[in-house]
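Student: Have a look at this one before I ask anything.
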Amino acid sequence: MVRSRGLVVLSLVALAAFACGGNNTTTTNKGTIKIGVSLPLSGASASDGQPTLKGAEFAVNQQNAKGGIDGFQLQVVSKDYAPAGTPDPAVGKNDMLALVGDTSVLAVMGPFNSGVAKQQLPVANQASLVLVSPANTNPCLTVDLAACHFPQIGFWPSQLRPYGPNNYFRVAATDVYQGGAAADYAFTTLGLRTVGVFNDESSYGIGIAEYFAEHFCKLGGMVVGGCSATAAGGVSGIKQYDPTSTASFAAMLNSLQQGGAKGLYAGGNASLKLCVARNQSNGIFAADSAFVMGDGGVDSECIDTAAAQAKGMVGTVAAEDQSKLSADAKKMVTDFKAAMGSGPTDFGAYTVAAYAATQTIIAGLDKAIKANNGNMPSRAQVRDAMSNLPPVATPLGNVSYDKNGDTTQQIIAFYKADAKGSGSSELTCGATNTNVCWEFVSSKNYAGQTYP
Amino acid sequence: MVGALRQARSSVSSSLITRVIALLLAAVVIIKIAPSVYQFGPSYFVRIIAIGIALGAIYALIAIGYTMVYGIVELINFAHGDVFTLGAFISLPLLVTPLWHLTEGGGGGLGIVLPLIAVFLIVMLITGLINVGIERVAYRPLRNAPRLAPLITAVGVSFFLEGVMYLWKGAVNLHYPDLLPDNRFVGGTFSAKDVIVVIAAVILVSGLAIFVNQTKLGKAMRATAQDRDAARLMGINIDRTISATFFIGAVLAAAGGMTYGLYINSINNTLGFPIGLVAFTAAVFGGIGNIPGAALGGLIIGLIRAMNDGYVDPQWTDVVTFAILILVLTLRPTGLLGMRVPEK
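Residue numbers (numbering that gives the first Met the number 0), protein chains in the order written: chain A, 0 to 451; chain B, 0 to 343.
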């Protein structure tokens with residue numbers, strides 16, 4: 000009984016709101032919609048977070064300059080989850096609680112780090128608040144894979160959305176596509192049939208090595224130590240080293256070589272000694288043997304630590320290369336630098352992604368406002384609009400989201416460590432090994448591929 | 000009387016149980032490894048052993064520093080691993096200076112010998128003096144304090160040294176010049192690098208053994224380790240003897256740091272903590288306070304780690320290392336070569 004009376008009250012309120020909306024369809028300012036931004040903004044993380052924040056601000060400024068959306072003005076509210084310089088998931092969770100508490104925040108651009116997303120997502124889910132990440136690549140945020148249940152990763156989509164439908168979206172290609180694309184590349188382009196696979200014990204490294212190995216085995220290749228599944232569901236042949244206590248990779252590399260490996264896939268980060276393994280493979284593997292990695296290895300530290308063995312390493316990056324950006328994208332970059340600056344804390348690797356993520360939020364808000372007859376939509380309405388968003392033209396291409404919240408632009412670019420200037424475009428060079436750089440090889444949209 | 004008997008019986012049965020467990024574990028390990036050893040053949044076995052011995056030689060050089068300091072002042076010097084890293088860091092600019100014309104990739108031939116020895120000596124001297132300074136500032140004022148106090152200052156010094164190296168070079172992995180020749184012998188089973196590392200360690204450890212056993216200062220060190228008060232009564236300058244111990248410990252650690260750099264070709268500012276932990280384990284394994292024990296412990300731990308990396312999975316290397324340590328200590332609480340000494 001009580002319940003039906005509540006319904007009557009609700010529908011009366013809805014009717015009243017409807018009526019007001021009808022009377023108020025002029026282009027005057029109807030109010031302010033806030034877009035939250037949750038990023039690591041201080042200390043050592045500033046070079047990640049600040050340029051990303053500016054990407055969102057640029058998109059919002061452009062929209063406001065055009066008169067806002069449907070009579071509403073937009074405003075960015077930024078929160079910093081790295082007040083001490085390193086990303087802190089606990090701070091990220093508190094920031095999300097604060098954003099949820101501000102009822103005029105209808106969507107959030109962020110976070111930057113997958114570990115923070117894991118904490119923020121359930122909080123935002125309870126409030127039906129939309130999150131659009133420019134940079135998260137951990138597939139377990141959107142897709143339930145066997146690897147998500149490994150103790151070192153330990154989270155999966157349904158667990159992060161306990162209260163309702165999906166409210167999380169992202170414009171970055173996931174590690175599954177990086178691992179899978181690398182397996183295709185190793186098997187087809189490099190013609191490898193037996194590889195050694197190892198990871199650096201980080202949840203990123205464990206995941207990406209697993210996605211590579213699963214797809215490589217599916218293609219008919221062999222991982223040294225076996226393709227069979229372990230009790231936890233992983234590929235049994237994958238080796239794992241402890242980045243703090245491992246000094247010499249020689250014994251592990253010898254065992255992989257002895258097992259018949261003609262090339263290696265290394266899942267992990269250059270900061271966790273990944274490319275030291277390449278350096279020490281000298282004399283064990285042929286100098287021109289393949290050494291393939293994910294984006295955790297594509298940086299200058301990798302080239303420096305691999306030193307004389309750096310040339311020939313191959314790495315994937317989950318973003319389009321500069322040289323292949325469309326004319327529109329190049330114009331956006333030029334306009335951005337003119338308006339916001341071009342220093343290291345102005346324009347960064349994720350500025351364009353943040354801009355595109357914010358564009359999709361604006362499109363979602365627009366759709367929700369129109370569906371609500373020009374009135375301030377509820378968070379649930381924005382969420383529903385985002386879930387069925389028609390493709391939005393962005394510098395990243397036409398972005399829309401699938402039912403999991405993943406982008407339809409799963410672009411993976413391949414880079415090879417080679418002599419400076421030998422490729423059409425280069426990403427970064429070594430800091431001490433300055434003559435070797437990550438040279439662009441090729442890129443492709445892998446959306447629609449079934450990985451792993 | 001009855002209580003004592005019961006206690007005796009229970010200690011017999013508990014040591015019997017640990018022995019049985021140890022034997023069972025050893026059997027499991029052998030059964031697990033034997034097929035791969037057979038399958039991969041003898042030349043692979045020799046290769047893994049060579050890697051293990053070379054690693055073990057480096058661990059031994061660090062372990063000796065732990066064991067000497069413990070033997071003489073009963074301090075677990077947690078900063079020792081960072082003194083080792085400091086040696087590698089100090090040698091880095093000295094090696095890349097154009098003065099020597101050293102080139103990477105082992106192309107230097109015999110021309111690298113003299114510059115390397117010169118850099119070794121300079122680095123050993125500098126690091127030794129720094130460690131004497133650390134002892135003077137952080138440990139000597141606490142000589143008569145409760146034993147926990149110098150332990151905590153040692154942890155503090157460890158963080159301090161890591162911080163200094165962080166400010167100096169940042170928190171990145173640094174490439175260390177690859178200067179040693181990499182010629183392969185016996186069908187590629189081991190390389191000149193392995194041999195040079197082992198020879199360097201043997202020279203340093205035997206030099207130390209001669210010093211401790213044959214010289215007057217060495218005798219003073221042994222006397223101080225046995226009974227500090229009696230040694231003082233015999234006219235031994237305790238402070239100078241302890242300073243000398245820290246100096247020699249750091250000299251070996253610095254040599255270990257440089258050898259590590261030349262062998263592994265990668266260093267970073269926090270390297271000393273995990274390596275120091277393994278080396279400390281080696282010192283306990285061989286019998287803390289016992290110099291040949293530390294060398295033996297280092298060698299065995301190096302071999303265990305290489306065997307596990309090569310035949311099982313590097314994921315389990317730390318587990319296996321410390322499981323073996325626990326087993327050895329339950330069977331021989333004083334370590335392999337340690338002797339039961341009365342608590343001072």
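Ideal placement from N, C-alpha and C gives every residue a C-beta, glycine not left out.
Since this is a predicted model, take the numbers as computed values, not measurements.
Measuring only between beta-carbons, confirm whether residue 280/B sits less than 8 Å from chain A.
Tutor: no
Student: Is there a Cβ from chain A that is less than 8 Å from the Cβ of residue 310/B?
Tutor: yes
Student: Starting from residue 263/A and walking both ways along the beta strand (DSSP E), at which residues does that stretch end?
Tutor: First-last of the beta strand (DSSP E) with residue 263/A: 262-266.
Student: Would DSSP call residue 410/A helix, strand or coil?
Tutor: strand
Student: Tell me which residues of the segment 234-249 of chain A have at least one Cβ-Cβ distance to chain B shorter than 7 Å, keeping chain order.
Tutor: 238, 239, 240, 241, 243, 244, 245, 246, 247 and 249
Student: Using a beta-carbon distance below 8 Å, is residue 212/B in contact with chain A?
Tutor: Cβ-Cβ to chain A under 8 Å: no for residue 212/B.
Student: What are the start and end residues of the beta strand (DSSP E) that includes residue 314/A?
Tutor: 312-316
Student: According to the neighbour-count rule (16 or more other Cβ atoms, all chains shown, within 10 Å of its Cβ), is residue 284/B buried or exposed?
Tutor: buried
Student: Cβ atoms of residue 314/A and residue 414/A: under 8 Å apart, would you say?
Tutor: yes
Student: Measure from the C-beta of residue 268/B to each C-beta in chain A and report whether the shortest distance is under 8 Å.
Tutor: Not closer than 8 Å to any Cβ of chain A, the Cβ of residue 268/B fails to qualify, so no.
Student: Using three-state DSSP, classify residue 49/B as helix, strand or coil.
Tutor: helix
Student: Could you check whether the Cβ of residue 272/A sits closer than 8 Å to any Cβ belonging to chain B?
Tutor: yes
Student: How do the segment 47-60 of chain A and the segment 349-361 of chain A stand: do at least 3 beta-carbon pairs fall below 8 Å, yes or no?
Tutor: yes
Student: Below 8 Å between beta carbons: does that hold for residue 327/B and residue 335/B?
Tutor: yes
Student: Beta-carbon of residue 177/B versus every beta-carbon of chain A: anything under 8 Å?
Tutor: Yes, residue 177/B counts as interfacial toward chain A.
Student: Using the three-state DSSP reduction, which class does residue 295/A fall into: helix, strand or coil?
Tutor: helix
Student: Classify residue 146/B: buried if its beta carbon has 16 or more other beta carbons within 10 angstroms, exposed otherwise.
Tutor: exposed
Student: Got a sec? Which residues, its chain only, sit under 7 Å from residue 244/B by beta carbon, not counting five neighbours each side?
Tutor: 67, 68, 71 and 220
Student: How close, in whole Å, do the beta carbons of residue 30/A and residue 375/A come, if the pair is a contact with beta carbons under 8 Å?
Tutor: 6 Å
Student: Note the first and the last residue of the continuous beta strand (DSSP E) segment covering residue 278/A.
Tutor: No beta strand (DSSP E) holds residue 278/A; the alpha helix (DSSP H) holding it covers 273-279.
Student: Quick one: using the 10 Å Cβ neighbour count with 16 as the cut-off for buried, is residue 256/B buried or exposed?
Tutor: Label assigned to residue 256/B: buried.
Student: Taking a cut of 7 Å between CB atoms, which residues from the segment 294-305 of chain B lie near chain A?
Tutor: Those residues of the segment 294-305 of chain B that come within reach of chain A (Cβ to Cβ, closer than 7 Å) are 305.
Student: Using DSSP with H/G/I as helix, E/B as strand and the rest coil, what is residue 315/B?
Tutor: helix
Student: So what's residue 437/A in DSSP terms, helix, strand or just coil?
Tutor: strand
Student: Going by DSSP, name the residue or residues bridged to residue 266/B.
Tutor: 173/B
Student: Give me the residue from 298/B, 165/B, 189/B and 251/B with the minimum Cα distance to residue 203/B.
Tutor: 251/B
Student: Considering Cα atoms alone, identify which of 152/B, 118/B, 92/B and 179/B is closest to residue 167/B.
Tutor: The closest CA to that of residue 167/B, considering only 152/B, 118/B, 92/B and 179/B, is found on 92/B.
Student: Thinking C-alpha only, which one of 283/A, 265/A and 299/A is nearest residue 291/A?
Tutor: 265/A
Student: In angstroms, rounded to a whole number, what distance separates the CA positions of residue 263/B and residue 175/B?
Tutor: Spanning the two alpha carbons is a distance of roughly 8 Å.
Student: Would you say residue 229/A lies against chain B (beta-carbon separation less than 8 Å)?
Tutor: Judged by the 8 Å Cβ criterion, residue 229/A is not in contact with chain B.
Student: Expressed to the nearest angstrom, what Euclidean distance is found between the alpha-carbon atoms of residue 424/A and residue 416/A?
Tutor: 12 Å
Student: So what does DSSP say about residue 348/A, is it helix, strand or coil?
Tutor: coil
Student: Using CA atoms only, rank isn't needed, just tell me which of 140/B, 172/B and 193/B is closest to residue 180/B.
Tutor: 193/B
Student: Please classify residue 316/B as buried or exposed, where buried requires at least 16 other C-beta atoms within 10 Å of its C-beta.
Tutor: Looking at its Cβ environment, which holds 16 or more other Cβ atoms inside 10 Å, residue 316/B is buried.
Student: So if I threshold CB-CB distances at 8 Å, which residues from the segment 23-50 of chain B count as touching chain A?
Tutor: 39, 43, 46, 47 and 50
Student: Give the DSSP-derived three-state secondary structure of residue 185/B in the structure shown.
Tutor: coil
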